[in-house]
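Before any comments, here is the structure.
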Amino acid sequence: MPSEREIAFPLKDDKITLFAEFFRFCNFLLPITIFCKSMLDEYAVYISQMHPLGLAKLRHFEYACLSLGFLPEPLVFRALYSLVWKTPFFTFDRRSTDETCLRLVPASCRGKDWKKKFFYVDANVIPGEMHWRAMSAKEKVKDVAPPKAEYQENALFKALTTHPSEITIVPDGALALVGMSLCWRDVQIYPALRTADGSPFTRADLLYPERSSSILAADRPLHPGEDNILRANVSNFLISPSHMDRVL
């Protein structure tokens with residue numbers, strides 16, 4: 016843990032700086048998903064350079080895709096969001112179009128002093144190279160949207176923009192269900208969900224506050240022969256071989 020006098024930047028050798036707000040506000044957990052890391056790589060941004068609002072949008076997109084039964088697609092993300100530099104962090108802003116997957120953008124993070132609340136993890140916790148993107152204070156990112164013809168008929172794009180949702184705190188069980196978390200209390204328990212009145216729902220309903228309040232945990236023991244949820248989804252994550260035995 017850093018001392019009270021330490022600051023997040025510059026980075027420490029062989030360490031990754033992570034802000035507590037990533038975990039409190041962004042539905043971010045370790046190990047990192049392959050999609051999340053691949054998007055950071057595509058934009059050549061180090062995770063410590065991400066503003067929580069930007070990371071929250073990336074994770075919201077990933078959950079929205081998976082909860083609707085789609086794999087997240089970089090093309091669709093780039094059609095909906097642009098990378099923006101707001102010294103000293105990067106974030107994602109909605110493209111200035113009528114089509115969006117996010118109906119409401121939070122004005123700020125949950126914690127006012129989030130920049131002071133950070134910690135270090137070993138660099139091998141997130142395998143592979145990460146790129147530090149150097150920018151001057153007034154420099155702007157050139158992030159051109161893909162041609163509309165490439166995505167306007169895309170099934171995922173249509174599904175996300177037909178019913179825009181909100182950034183919400185998704186329950187641990189739901190993150191495990193869609194393959195965005197390997198943090199689950201008991202591998203012999205399946206993290207099922209149900210509604211209070213037994214009415215039908217989808218995992219995407221958790222992104223709509225007016226619906227999510229009626230969705231409850233209905234955890235149950237695994238059925239005979241049923242694989243545990245973590246083992247079933249482990250291929251979604253980027254895990255160092257030395258850490259695999261700690262995960263499963």
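Remember, the working numbering sits 15 above the position in the sequence shown when you count from 1.
Glycine included, each C-beta is placed from N, C-alpha and C at the ideal position.
Computed from a predicted model, the values in this text were never measured in an experiment.
Worksheet item: Near Asn42, what residues of its chain come up, given a Cβ to Cβ distance below 6 angstroms and the 5 sequence neighbours on each side ignored?
Response: For the purposes of this step, residue 42 is taken as residue 27 along the sequence shown, with counting starting at 1. Counting only Cβ-Cβ distances below 6 angstroms, and skipping sequence neighbours, we find Arg74 and Val185.
Discussion item. Am I right that Arg125 and Phe40 are in contact with their C-beta atoms under 8 angstroms? What's the rounded C-beta distance?
Written reply: Counting from one through the sequence shown, the residue named residue 125 turns up at place 110. Counting from one through the sequence shown, the residue named residue 40 turns up at place 25. Right, their Cβ atoms sit about 5 angstroms apart.
Worksheet item: Do you know how far the Cα of Pro239 is from the Cα of Met65?
Response: Walking along the sequence shown from the start, residue 65 turns up at place 50. Walking along the sequence shown from the start, residue 239 turns up at place 224. One C-alpha to the other measures close to 43 angstroms.
Discussion item. Tell me which residue opens and which closes the alpha helix (DSSP H) that Tyr135 is part of.
Written reply: In the sequence shown, counting from the first residue as 1, residue 135 sits at position 120. Careful: Tyr135 lies outside any alpha helix (DSSP H), inside the beta strand (DSSP E) at Phe133 to Asp137.
Worksheet item: DSSP on Arg235, reduced to helix/strand/coil?
Response: The sequence position of residue 235 within the sequence shown is 220, counting from 1. It is a strand residue.
Discussion item. To the nearest angstrom, how far is the alpha carbon of Ser123 from that of Glu114?
Written reply: Here residue 123 is taken as the residue at index 108 of the sequence shown, counted from 1. Here residue 114 is taken as the residue at index 99 of the sequence shown, counted from 1. Cα to Cα, the separation comes out at about 22 angstroms.
Worksheet item: In three-state DSSP terms, what is Met150?
Response: Position 135 of the sequence shown holds residue 150. Met150 carries a coil assignment under DSSP once its states are collapsed to helix, strand and coil.
Worksheet item: For the segment 76-118, which segments carrying the alpha helix (DSSP H) assignment without a break, of at least 4 residues, lie completely within its bounds, in sequence order?
Response: For the alpha helix (DSSP H) assignment, the uninterrupted runs of no fewer than 4 residues enclosed by the segment 76-118 are, from N- to C-terminal side, 89-95.
Discussion item. My output table needs one value for Leu55: the three-state DSSP class, helix, strand or coil.
Written reply: Taking the first residue of the sequence shown as 1, we reach residue 55 at position 40. Helix.
Item to complete: Buried or exposed for Met195, please, with buried defined as at least 16 other CB atoms from any protein chain shown within 10 angstroms of its CB.
Response: Along the sequence shown, read from residue 1 onward, the residue named residue 195 stands at position 180. That one is buried.
Item to complete: Please state if the CB of Pro215 and the CB of Asp266 are separated by a distance shorter than 9 angstroms.
Response: Here the chain comprises residues numbered 16 to 263, so residue 266 is not present and cannot be evaluated.
Fill in: Cα-Cα separation between Cys80 and Thr177, rounded to whole angstroms
The count along the sequence shown starts at 1 and reaches residue 80 at position 65. The count along the sequence shown starts at 1 and reaches residue 177 at position 162. Their Cα atoms are separated by approximately 13 angstroms.
Practice prompt. At 4 residues or longer, and completely inside the segment 165-229: list those alpha helix (DSSP H) runs for me, N to C.
Written response: DSSP runs (the alpha helix (DSSP H)) wholly in the segment 165-229: 170-177, 187-193 and 224-227.
Item to complete: Counting only the same chain and skipping the five closest in sequence on each side, list residues whose C-beta sits under 7 angstroms from that of Pro121.
Response: Position 106 of the sequence shown, counted from the first residue, corresponds to residue 121. Counting only Cβ-Cβ distances below 7 angstroms, and skipping sequence neighbours, we find Leu68 and Ile182.
Discussion item. Taking only three categories from DSSP, how would you classify Thr30?
Written reply: Counting from 1 along the sequence shown, the entry for residue 30 is found at position 15. Checking the sequence, you will find Lys at residue 30 rather than Thr. Strand, per DSSP.
Discussion item. Taking 9 angstroms as the threshold (C-beta atoms), are Phe37 and Leu70 in contact?
Written reply: The residue you call residue 70 lines up with position 55 of the sequence shown. The residue you call residue 37 lines up with position 22 of the sequence shown. Going by C-beta atoms, Leu70 is nearer than 9 angstroms to Phe37.
Practice prompt. Taking only the alpha-carbon atoms, compute the straight-line gap between Phe105 and Ala211 and give it to the nearest angstrom.
Written response: As a position in the sequence shown, residue 105 is number 90, starting the count at 1. As a position in the sequence shown, residue 211 is number 196, starting the count at 1. Separation of Phe105 and Ala211 (C-alpha to C-alpha, rounded to the nearest whole angstrom) is 40 angstroms.
Fill in: Own chain, CB closer than 7 angstroms to Pro179, minus 5 neighbours either side, in chain order
As a first step, residue 179 is located in the sequence shown; it is residue number 164 there, counting from the start. Within its own chain, the residues whose Cβ lies closer than 7 angstroms to the Cβ of Pro179, once the five positions on either side in sequence are excluded, are Thr115, Cys116, Leu117 and Arg118, listed in chain order.
Discussion item. Rounded to whole angstroms, what is the Cα-Cα separation between Tyr58 and Leu208?
Written reply: Within the sequence shown, the letter at position 43 stands for residue 58. Within the sequence shown, the letter at position 193 stands for residue 208. Whole-angstrom Cα-Cα distance: 35 angstroms.
Fill in: Spatial neighbours of Val140 in its chain, beta-carbon cut-off 8 angstroms, leaving aside the 5 residues before and after
The residue given as residue 140 occupies position 125 in the sequence shown. Here the set comprises Ile31, Leu45, Pro46, Ser255 and His258.
Item to complete: Whole angstroms is fine: what's the gap from Val99's alpha carbon to Pro89's?
Response: The residue you call residue 99 lines up with position 84 of the sequence shown. The residue you call residue 89 lines up with position 74 of the sequence shown. Spanning the two alpha carbons is a distance of roughly 17 angstroms.
Item to complete: From the DSSP output, read off the bridge partner residues of Met65.
Response: Against the sequence shown, residue 65 aligns to sequence position 50. Beta-bridge partners of Met65 (DSSP): Phe105.
Worksheet item: Can you tell which of Phe24, Asp56, Phe252 and Phe50 has its C-alpha closest to the C-alpha of His146?
Response: By one-based count along the sequence shown, residue 146 stands at place 131. Looking at the Cα atoms, Asp56 is the closest of the given residues.
Practice prompt. Counting only the same chain and skipping the five closest in sequence on each side, list residues whose C-beta sits under 8 angstroms from that of Tyr61.
Written response: Walking along the sequence shown from the start, residue 61 turns up at place 46. Its chain contains Leu26, Leu55, Met145, His146, Trp147 and Arg148 as the residues whose beta carbon lies nearer than 8 angstroms to that of Tyr61, once the 5 sequence neighbours on both sides are disregarded; these appear in chain order.
Worksheet item: Just how far apart, CA to CA, sit Asp28 and Ala138?
Response: Taking the sequence shown and counting its residues from 1, the one referred to as residue 28 is at position 13. Taking the sequence shown and counting its residues from 1, the one referred to as residue 138 is at position 123. Each residue's Cα considered, the two are about 8 angstroms apart.
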